[in-house]
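Peer 1:
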Amino acid sequence: MATLSQWIEGARPRTLPAAVSPILVGTGAAYHTGHVVWAYAVLALVVALALQVGVNFANDYSDGIRGTDEVRVGPVRLVGQRLAAPRSVKIAAFSCFFFAGLMGLALVGLSGLWVMIPIGAAAIVAAWYYTGGSRPYGYLGLGEVFVFVFFGLVATLGTMATMTPPTAAGWYGAIGVGALASAILVANNLRDIPTDREHGKRTLAVRMGESGTRWFYVALVAVAFVMTGLASFTSPWALLALLAAPLVVKPMQAVVGRATGRGLIPALAGTGQFQLVWSLLLAVGLAVGRA
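Quick note: the sequence shown uses full-length UniProt numbering, first residue 1, plus one each step.
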């Protein structure tokens, strides 16, 4: 049986910045309009964290039963390393999805934003079929699309929409968050190209090849800086987000410098840290420059 520490590592806590970041930006953009509701922000954060952990357990289960995780560089794989029964990991995934759905319904009930019910349901379905089902879209090179849409646009703008209609600043922030969340996945898939190719997992990284994937990572990080500049037209204080730039230097060096395998693990953690700090500073900048 897996130990508690292995279950925690299996939940992949290093990916949690991807769940926290959109809530920060969505809340900061709402504060900028003068219509922030802190209780809604907290509920949105709980939903995002539960969904992220659910996705991680679902991926662990689906990749594990397919044999994709039998030889893997990176964090603990509960099923792939035979540390936990597949059924237990599947139950953990669906428990997280259920809890996320329950908290999402509470948020919808309080805010009256009923359109989020089908969107939230779509997010849970997409989370499962990323690597689950007979034709997982993560194996077809569409994982980055899911991450950009649901952990970028939907999470950021959905958070803001529970408080006030989304603004241009909210859209700029959502695009930046989505691009950086996708960059984290790109770095992960770059590391896993050899094993994914061997097991027929045709991620976007496998399709693009190492060189194309490395430059795609650079482009995604660049999008965040472009969005920072655009957001500054709404609030000059948004430029505070540029202070996060030093945090992405080492990840960029690892990716562009052709690091492979374990050499890319720091790039994963570093990109997550950059996304979190960038999002926090952008949120603060939007809040300080309140309209």
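C-beta atoms are modelled at their ideal positions from N, C-alpha and C, and glycine is treated no differently.
Looking only at C-alpha atoms, which of Asp192, His32, Arg14 and Pro13 sits nearest to Val284?
Peer 2: Here residue 284 refers to the residue found at position 284 of the sequence shown. Of the candidates Asp192, His32, Arg14 and Pro13, His32 places its Cα closest to the Cα of Val284.
Peer 1: To the nearest angstrom, how far is the alpha carbon of Trp107 from that of Leu43?
Peer 2: If you number the sequence shown from 1, residue 107 lands on position 107. If you number the sequence shown from 1, residue 43 lands on position 43. The sequence given here places Leu at residue 107; Trp does not occur at that position. When only Cα atoms are considered, Leu107 and Leu43 end up about 6 angstroms apart.
Peer 1: Taking Cβ to Cβ, would you say Ala123 is nearer than 8 angstroms to Phe148?
Peer 2: Numbered from its first residue, the sequence shown carries residue 123 at position 123. Numbered from its first residue, the sequence shown carries residue 148 at position 148. No, these two residues do not count as a Cβ contact at 8 angstroms.
Peer 1: From the DSSP output, in three-state form, read off Asp196 for me.
Peer 2: Along the sequence shown, read from residue 1 onward, the residue named residue 196 stands at position 196. For Asp196, the three-state secondary structure derived from DSSP is helix.
Peer 1: Under the assumption that Val47 contacts Gly104 (Cβ atoms under 8 angstroms), give the Cβ distance between them as a whole number of angstroms.
Peer 2: For the purposes of this step, residue 47 is taken as the residue at position 47 of the sequence shown. For the purposes of this step, residue 104 is taken as the residue at position 104 of the sequence shown. About 5 angstroms; that satisfies the 8 angstroms criterion.
Peer 1: Quick one: using the 10 Å Cβ neighbour count with 16 as the cut-off for buried, is Val79 buried or exposed?
Peer 2: For the purposes of this step, residue 79 is taken as the residue at position 79 of the sequence shown. Residue burial annotation: Val79 is buried, with at least 16 other C-beta atoms found within 10 angstroms of its C-beta.
Peer 1: Between the C-alpha atoms of Met163 and Trp171, what's the straight-line distance to the nearest angstrom?
Peer 2: Within the sequence shown, the letter at position 163 stands for residue 163. Within the sequence shown, the letter at position 171 stands for residue 171. Approximately 15 angstroms, taken between the alpha carbons.
Peer 1: Between which two residues does the alpha helix (DSSP H) holding Thr32 run?
Peer 2: Your numbering for residue 32 matches position 32 in the sequence shown. For clarity, residue 32 is His in the given sequence; the question names Thr instead. Start and end: Pro17 to Thr33.
Peer 1: Measure the alpha-carbon distance for Gly141 versus Gly272 and round it to whole angstroms.
Peer 2: If you number the sequence shown from 1, residue 141 lands on position 141. If you number the sequence shown from 1, residue 272 lands on position 272. Going by the C-alpha atoms only, they are around 21 angstroms apart.
Peer 1: With DSSP as the reference, label Met163 as helix, strand or coil.
Peer 2: Taking the sequence shown and counting its residues from 1, one reaches residue 163 at position 163. In the structure shown, the three-state DSSP call for Met163 is coil.
Peer 1: Select from Pro86, Leu204, Ala41 and Ala219 the residue whose C-alpha is nearest the C-alpha of Asn188.
Peer 2: Indexing the sequence shown from 1 puts residue 188 at position 188. Of the candidates Pro86, Leu204, Ala41 and Ala219, the one whose C-alpha sits nearest the C-alpha of Asn188 is Leu204.
Peer 1: Can you check which of these residues, Arg262, Leu281, Ile91 and Asp196, is closest to Gly176 by C-alpha distance?
Peer 2: Indexing the sequence shown from 1 puts residue 176 at position 176. Closest option to Gly176, Cα to Cα, is Leu281.
Peer 1: By Cβ distance, which residues of its chain are closer than 7 angstroms to Arg290, with the 5 residues on each side in sequence left out?
Peer 2: Position 290 of the sequence shown, counted from the first residue, corresponds to residue 290. Only residues of its own chain outside the window of five on either side were considered, and among them Tyr31, His32 and Gly34 have a CB closer than 7 angstroms to the CB of Arg290, listed in chain order.
Peer 1: Does the stretch 200-215 come within contact of the stretch 130-144, defined as at least 3 CB pairs closer than 8 angstroms?
Peer 2: yes
Peer 1: How many Å lie between Ala287 and Gly178 at the Cα?
Peer 2: Along the sequence shown, read from residue 1 onward, the residue named residue 287 stands at position 287. Along the sequence shown, read from residue 1 onward, the residue named residue 178 stands at position 178. About 20 angstroms.
Peer 1: Of the residues Ala39, Ala222 and Gly257, which one's Cα is nearest the Cα of Ala183?
Peer 2: As a working mapping, residue 183 is identified with position 183 in the sequence shown. Nearest of Ala39, Ala222 and Gly257 to Ala183, Cα basis: Ala222.
Peer 1: Out of curiosity, what's the CA-to-CA distance linking Trp215 and Ala244?
Peer 2: The residue you call residue 215 lines up with position 215 of the sequence shown. The residue you call residue 244 lines up with position 244 of the sequence shown. Between Trp215 and Ala244, the C-alpha separation is close to 21 angstroms.
Peer 1: Rank Ala241, Ser88 and Gly28 by C-alpha distance to the C-alpha of Met160 and give the top, closest one.
Peer 2: Here residue 160 refers to the residue found at position 160 of the sequence shown. Looking only at Ala241, Ser88 and Gly28, the smallest Cα-Cα distance to Met160 is reached by Gly28.
Peer 1: Rounded to the nearest angstrom, what separates Leu220 and Ala269 at their Cα positions?
Peer 2: If you number the sequence shown from 1, residue 220 lands on position 220. If you number the sequence shown from 1, residue 269 lands on position 269. Leu220 and Ala269 have their C-alpha atoms some 16 angstroms from each other.
Peer 1: Quick check on Arg87: buried or exposed, where buried means 16 or more other Cβ atoms within 10 Å of its Cβ?
Peer 2: On the sequence shown, residue 87 is found 87 positions in, with the first residue counted as 1. So Arg87 ends up on the exposed side.
Peer 1: Determine the DSSP secondary structure at Lys90, reduced to helix, strand or coil.
Peer 2: As a working mapping, residue 90 is identified with position 90 in the sequence shown. Lys90 falls in the helix class under three-state DSSP.
Peer 1: Relative to the alpha-carbon of Val226, which residue among Glu210, Gly67 and Leu180 has its alpha-carbon at the smallest distance?
Peer 2: As a working mapping, residue 226 is identified with position 226 in the sequence shown. Minimum Cα distance to Val226 is reached at Leu180.
Peer 1: Where does Thr156 sit, in a helix, a strand or coil, going by DSSP?
Peer 2: As a first step, residue 156 is located in the sequence shown; it is residue number 156 there, counting from the start. Correct three-state label for Thr156: helix.
Peer 1: Give the single residue among Ala231, Leu230 and Val186 whose Cα lies nearest to the Cα of Gly209.
Peer 2: Counted from its first residue, the sequence shown places residue 209 at position 209. The shortest C-alpha separation from Gly209 is found at Val186.
Peer 1: Closer than 7 angstroms by C-beta to Tyr61: which residues in its own chain qualify, once you throw out the five before and the five after it? Chain order, please.
Peer 2: If you number the sequence shown from 1, residue 61 lands on position 61. Result list for Tyr61: Val79, Pro86, Val89, Lys90 and Ala93, in chain order.
Peer 1: Return yes when the Cβ of Arg197 is within less than 8 angstroms of the Cβ of Gly261, no when it is not.
Peer 2: Counted from its first residue, the sequence shown places residue 261 at position 261. Counted from its first residue, the sequence shown places residue 197 at position 197. Contact: no.
Peer 1: Assuming Trp1 is part of the alpha helix (DSSP H), what are its boundary residues?
Peer 2: Counting from 1 along the sequence shown, the entry for residue 1 is found at position 1. The displayed chain sequence assigns Met, not Trp, to residue 1. First-last for Met1: undefined, no H or E at that position.
Peer 1: Can you list, in chain order, the residues of its chain with a C-beta nearer than 6 angstroms to that of Ala11? Leave out the 5 residues immediately preceding and following it.
Peer 2: Within the sequence shown, numbered from 1, the residue matching residue 11 stands at position 11. Closer than 6 angstroms at Cβ, skipping near neighbours: Val53 and Asn56.
Peer 1: Taking all protein chains shown into account, do 16 or more other C-beta atoms lie within 10 angstroms of the C-beta of Met1, making it buried, or fewer, making it exposed?
Peer 2: Translated into positions along the sequence shown, residue 1 becomes position 1. Per the 10 Å Cβ criterion, exposed.
Peer 1: Would DSSP call Leu282 helix, strand or coil?
Peer 2: Sequence index remark: in the sequence shown, residue 282 carries index 282 (1-based). Note: Leu282 maps to helix in three-state DSSP.
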